[in-house]
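Below is one structure; the comments refer to it alone.
Number of protein chains: 2
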Amino acid sequence: MNCEAEEKKIGNLYATDLLPQNLENLDETRLFLQGFAQFLIQYIQDENNRDNKVLDFHQPSELLRKLDLKIPENPMNLGQLLQSCNEVLKYGVKTGHPRYFNQISCGLDLISMAGEWLTATVNTNMFTYEIAPVFILMEQEILRTMMNLIGWKPHEGDGIFTPGGSIANLYAMNAARYYGFPQIKTSGMSFMPKLCAFTSEDSHYSIKSAAAVCGIGTDNCFPIKTDEYGRMVPSALEQEIMRCKKEGLHPFFVCATAGTTVYGAFDPLNRIADICEKYGLWFHVDVKYRDKLSGIERANSITWNPHKLMGAILQCSTCFIRHKDLLLKTNQMSADYLFQQDKCYDVRYDTGDKAMQCGRRNDVFKLWLMWRSKGMDGFRHQINRYMDLAKYFTNKIKNTKGFEMVNPHPEFLNICFWYVPESIRCLKLEKKYSLLSKITPKIKAKMMERGTTMVSYQQDKHRPNFFRMIISNQATTRDDLDFLIEEIISIGKGLVMELLENVEDKENIQTNENLTEKRKCSLLNVAQIFS
Amino acid sequence: MNCEAEEKKIGNLYATDLLPQNLENLDETRLFLQGFAQFLIQYIQDENNRDNKVLDFHQPSELLRKLDLKIPENPMNLGQLLQSCNEVLKYGVKTGHPRYFNQISCGLDLISMAGEWLTATVNTNMFTYEIAPVFILMEQEILRTMMNLIGWKPHEGDGIFTPGGSIANLYAMNAARYYGFPQIKTSGMSFMPKLCAFTSEDSHYSIKSAAAVCGIGTDNCFPIKTDEYGRMVPSALEQEIMRCKKEGLHPFFVCATAGTTVYGAFDPLNRIADICEKYGLWFHVDVKYRDKLSGIERANSITWNPHKLMGAILQCSTCFIRHKDLLLKTNQMSADYLFQQDKCYDVRYDTGDKAMQCGRRNDVFKLWLMWRSKGMDGFRHQINRYMDLAKYFTNKIKNTKGFEMVNPHPEFLNICFWYVPESIRCLKLEKKYSLLSKITPKIKAKMMERGTTMVSYQQDKHRPNFFRMIISNQATTRDDLDFLIEEIISIGKGLVMELLENVEDKENIQTNENLTEKRKCSLLNVAQIFS
Chain A
-16 MNCEAEEKKI GNLYATDLLP QNLENLDETR LFLQGFAQFL IQYIQDENNR
34 DNKVLDFHQP SELLRKLDLK IPENPMNLGQ LLQSCNEVLK YGVKTGHPRY
84 FNQISCGLDL ISMAGEWLTA TVNTNMFTYE IAPVFILMEQ EILRTMMNLI
134 GWKPHEGDGI FTPGGSIANL YAMNAARYYG FPQIKTSGMS FMPKLCAFTS
184 EDSHYSIKSA AAVCGIGTDN CFPIKTDEYG RMVPSALEQE IMRCKKEGLH
234 PFFVCATAGT TVYGAFDPLN RIADICEKYG LWFHVDVKYR DKLSGIERAN
284 SITWNPHKLM GAILQCSTCF IRHKDLLLKT NQMSADYLFQ QDKCYDVRYD
334 TGDKAMQCGR RNDVFKLWLM WRSKGMDGFR HQINRYMDLA KYFTNKIKNT
384 KGFEMVNPHP EFLNICFWYV PESIRCLKLE KKYSLLSKIT PKIKAKMMER
434 GTTMVSYQQD KHRPNFFRMI ISNQATTRDD LDFLIEEIIS IGKGLVMELL
484 ENVEDKENIQ TNENLTEKRK CSLLNVAQIF S
Chain B
-16 MNCEAEEKKI GNLYATDLLP QNLENLDETR LFLQGFAQFL IQYIQDENNR
34 DNKVLDFHQP SELLRKLDLK IPENPMNLGQ LLQSCNEVLK YGVKTGHPRY
84 FNQISCGLDL ISMAGEWLTA TVNTNMFTYE IAPVFILMEQ EILRTMMNLI
134 GWKPHEGDGI FTPGGSIANL YAMNAARYYG FPQIKTSGMS FMPKLCAFTS
184 EDSHYSIKSA AAVCGIGTDN CFPIKTDEYG RMVPSALEQE IMRCKKEGLH
234 PFFVCATAGT TVYGAFDPLN RIADICEKYG LWFHVDVKYR DKLSGIERAN
284 SITWNPHKLM GAILQCSTCF IRHKDLLLKT NQMSADYLFQ QDKCYDVRYD
334 TGDKAMQCGR RNDVFKLWLM WRSKGMDGFR HQINRYMDLA KYFTNKIKNT
384 KGFEMVNPHP EFLNICFWYV PESIRCLKLE KKYSLLSKIT PKIKAKMMER
434 GTTMVSYQQD KHRPNFFRMI ISNQATTRDD LDFLIEEIIS IGKGLVMELL
484 ENVEDKENIQ TNENLTEKRK CSLLNVAQIF S
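Respectively, the protein sequence lines represent chains A and B. Residue -16 is where the first sequence starts when you use the working numbering, and the numbers rise one by one after that. Residue -16 is where the second sequence starts when you use the working numbering, and the numbers rise one by one after that.
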């Protein structure tokens, strides 16, 4: 759209004035979509500008007042729709901003994004070769490439793109159960031996969730102790397996994690594989991308999420099963009306019956295009660059006053740390911990208010709230890591000043008539911590 | 990209030359993305041009020779990537073509597509308010709007966007089980009463699939007889429930379908609801969009796929549960590290713990934007227009020589029919059926070869292969429906000529030295049918 008049003209049109409803208005259709693309491109440029905020935070009630989200009775015109989009972007979190470090998807890979634009435009369902010939072949090629990286021979296993890693874990557990007890698919689990599964106490909660959905039960998914670095202790696994067997349970599934959610720890795959072999258990690995993970090739199944470290646009997850045809056998419902056997091509290319879903989204294209843009080498380079940044950040944390590592030796890209404001550094551990559990979320809250950067926080079983940094944003540089540290220091200082001021007022709190009861209560609480 | 030189310059760049890696190259980034958008816009224009084919069909082995799908060791430049995209589009099926009538997603809603472009660009994970403030509120608003259409009061129920309708059905069955037997979530199903579920024999296979995944077993998911129009027979349901109870099974779940996959039949919701109430069973409805479905408001849970008739870009499915908090209680795993309770906002807005998935794709935005572009009224109009087209097509089928309705009174937008070539119209039913079972797939195969149009075919329990037309493409006009009919006649004529020619040769087949054994066999087969 070059001139204002044209923009206005397009803005006054309605969706029904464009393709496919109105074939006359080819130019208008083109101008609208070009304008829309231009609008998104501007967003990308703004997002990459460090002078702009990561977010413009508002409480839910406030945001609800600012936004008009209602579906109207009558259509809105294109100008109004663009205005709506503008508002949505204004109040959204810029997950591609170089200083966005919050969990899960960080950074915006432009090529993967372009791939996703194309995916939306062709709107293809992945369930038969008939309607998705190219994407089905592409999926096969990418799955083979990934299996090769895992260390499996071609045709040794099978794989599928799943809607997220949790569903991939569900696929794996379900296949493992079918492998051991094929009759459960038809007869169900009632009156069957009590199956049980094992996963480290630091593994992702989706393994427990899969046990719940499958009818195995979360109580029969036993958490295995981890060492101080968050890695599963193999001897504890073996003990637990033996204990379960003695109690009449039927162990069938072990999940190892290669890159835990919090600490980025790697369970000892080979030792766990040995135990699985010894007891005849299914060995599943929930994995982050990393070249050459020794022992991974011994897994019976693997969950691998290219939408994480590899940077593919959400959603992009895969599940691999090292048993040819098991994926099909496990999920096949043989719906004749979808998967006719008398088609004009080799129907083994129809993947629909391998999936738990029927219609399946095309999640492969954006990964394929992105991977081609980097080559195998580019991905190694990307991960190495992250590793360098993680090392840099770890050193910085270790050498900056007031910062403490939670796990002093991070294995991968997760760096967990505390910021301990000066005024409380001298306190006893217990008091310090009690304060940190409140200070960390407060710093995060202020960070969101400022909107300058974002990083996750959490606690674990033994330790109070700490920051969990994950290096996985392609836009991030060393300067951005320095910025995060400075920002935390700056917020932390102000925060303690504020707290202390409140404490000084302690005597006045009870008698001050200008304070609400709630405020009094909260201030007394703060004062108590400091007393 | 205005001139060739500029295009070439951009084409020689690599992904790493653009944002976010290279902040210098803002112009180049913009030009690349604009060019990419232009390329997609051209695709849309071509797709809407009826002179262009719906597909350029090739057998898998042939297509593999034509395409280069490999991931290279080194990066490909932007020009090469665009060339890759070009190939992908060339051999793909144009699901938005006005004459594409094959199953599932037909047509391309441009506004929903633009919404999906934005979704890819902002790349937001839906699991907390913290990282998806706008989309979380939007999801709530849309779910409320949909619940209102269902006929539930605000806050009477809860809902969630799921990756496809099959997973939505799994959500529903899992919630129903939790409702009746909350202890299964923790203890599993072993040594529990044998749960059983009921669904019509014409319902979608994902109900059976859900029973398999849940550990209930497909054999305990009983198919209920349908009438001649494909609607569940309520008395048969009641009989089956009583029989199961007598045999010691524990009925807990009934699925009614409002718009079956094949015939578009509507199960009698109120009568099924009565039976569910009488026996205390969970009442689930798997629904297509339609205003005012009497009895739907009595459902305990509902699956509703806006990516079907409403036309949202894949994937866009929802599951509704008419029990406040049940969705949360069923799926909650209380992962402290993701769903901290001490955040700076009301954490009830975090939806992550309601989902089986952890990371969850943003599937709401494209629906929201599309819905705004139409208004409530626009959707009614769209469905009414489809109904008119379905009526037109039904009449045309009934009044065109050689066509026969499979179900003479379609309730909704599915029209199932045969094309019976002239030369076989006089045959006895059994012989005719035997021929139709071969002729229908042959017509479909020729159709794909010609690439002019696409429509699904299938058989059912009693009837040989027939065409299943579903009117759900916004681009389709009456002329396109006429075209389909003419195309089938034209293909059918040619096909029978071919068959007959072969038959005339019957005597020569056995002795003809130029024919391969396979060809002889196939010709004799054809000849036999005609004899």
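All C-beta atoms in this analysis are idealised placements derived from N, C-alpha and C, irrespective of residue type, glycine included. Fair warning: this is a prediction, and the values are worked out from it, not measured in the lab.
8 Å contact criterion, which residue i and residue j should meet: CB distance rounded
i, j, result
"M339(B)", "S192(A)", "6 Å"
"I199(A)", "G198(B)", "7 Å"
"N397(A)", "G247(A)", "3 Å"
"K429(B)", "I380(B)", "Not a contact, Cβ separation roughly 19 Å."
"P3(A)", "L91(B)", "7 Å"
"V245(A)", "R451(A)", "6 Å"
"L46(B)", "V105(A)", "Actually they are not in contact, since the Cβ atoms of L46(B) and V105(A) sit about 16 Å apart, beyond 8 Å."
"A158(A)", "T286(A)", "No, A158(A) and T286(A) are not in contact; Cβ-Cβ is about 11 Å, not under 8 Å."
"P43(A)", "Y328(B)", "6 Å"
"Y212(A)", "H392(A)", "6 Å"
Straight-line gap, residue i to residue j (C-alpha atoms, nearest Å)
i, j, result
"A195(B)", "Y188(B)", "11 Å"
"S88(B)", "H290(A)", "25 Å"
"I119(B)", "E481(A)", "32 Å"
"L153(B)", "F303(B)", "12 Å"
"T334(A)", "I143(A)", "9 Å"
"F399(B)", "Q442(B)", "This sequence places Cys at residue 399(B); Phe is not what is there. Going by the C-alpha atoms only, they are around 10 Å apart."
"F205(A)", "H80(B)", "52 Å"
"K(-8)(A)", "E139(A)", "59 Å"
"I512(B)", "N85(B)", "Its pLDDT being 48, under 50, I512(B) is placed unreliably in this model, and the value from its coordinates should be taken loosely. Their backbone Cα atoms lie some 29 Å apart in a straight line."
"L101(A)", "M215(A)", "42 Å"
"L350(B)", "L64(A)", "13 Å"
"S183(B)", "N288(A)", "37 Å"
"Q457(A)", "E30(A)", "13 Å"
"D0(B)", "W354(A)", "16 Å"
"I472(A)", "S417(A)", "19 Å"
"Y440(A)", "K425(A)", "10 Å"
Minimum C-alpha distance to residue i - residue among the options
i, options, result
"K228(B)", "L467(B), A180(B) and P206(B)", "A180(B)"
"T459(A)", "V403(A), F376(A) and E(-13)(A)", "F376(A)"
"C16(A)", "Q21(B), T12(B) and L14(B)", "Reading off the sequence shown, one finds Leu at residue 16(A), where the question assumed Cys. Cα-wise, what sits closest to L16(A) is Q21(B)."
"I133(A)", "E7(A), Q298(A) and L276(A)", "L276(A)"
"W401(B)", "L467(B), E432(B), Q365(B) and L297(B)", "L467(B)"
"L292(B)", "L309(B), A282(B), Y272(B) and M431(B)", "Y272(B)"
"S218(A)", "R433(A), P146(A), N253(A) and I190(A)", "N253(A)"
"A295(A)", "F348(B), W135(B), K421(B) and T107(B)", "T107(B)"
"K337(A)", "M431(A), K307(A), D0(A) and R408(A)", "K307(A)"
"D325(B)", "G75(A), P447(A) and Q123(A)", "P447(A)"
"H364(A)", "C259(A), T201(A), S455(A) and P391(A)", "S455(A)"
Per-residue burial, residue i [other beta carbons within 10 Å of its own, 16 or more giving buried]
i, result
"D274(B)", "exposed"
"S356(A)", "buried"
"L297(B)", "buried"
"M156(A)", "buried"
"S514(B)", "Caution is warranted here: a pLDDT of 40 is assigned to S514(B), below 50, making its placement in the model unreliable, and the coordinate value is therefore given only provisionally. Label assigned to S514(B): exposed."
"A256(A)", "buried"
"C(-14)(A)", "exposed"
"R343(A)", "buried"
"L412(B)", "exposed"
"S186(A)", "buried"
Under 9 Å from the C-beta of residue i: neighbouring residues of chain D
i, result
"K271(A)", "The question asks about chain D, but that chain is absent: this structure's protein chains are A and B."
Go through the stretch 162 to 231 of chain B residue by residue and report every complete run of the alpha helix (DSSP H) that reaches 4 residues or more, in order.
-> 166 to 170, 189 to 197 and 217 to 229
Would you mind listing the beta strand (DSSP E) stretches within the stretch 264 to 338 of chain A that are 3+ residues and don't spill past its ends, in chain order?
-> 265 to 270, 284 to 287 and 300 to 304
Scan the stretch 343 to 429 of chain A and note each continuous beta strand (DSSP E) run of 3 residues or more that stays entirely inside, going in chain order.
-> 386 to 388 and 397 to 402
Alpha helix (DSSP H) runs contained entirely in the stretch 35 to 102 of chain B, provided each spans 4 or more residues | 43 to 49 and 61 to 74
In chain order, each alpha helix (DSSP H) run of at least 4 residues that lies wholly inside the stretch 95 to 163 of chain A | 116 to 133 and 148 to 163
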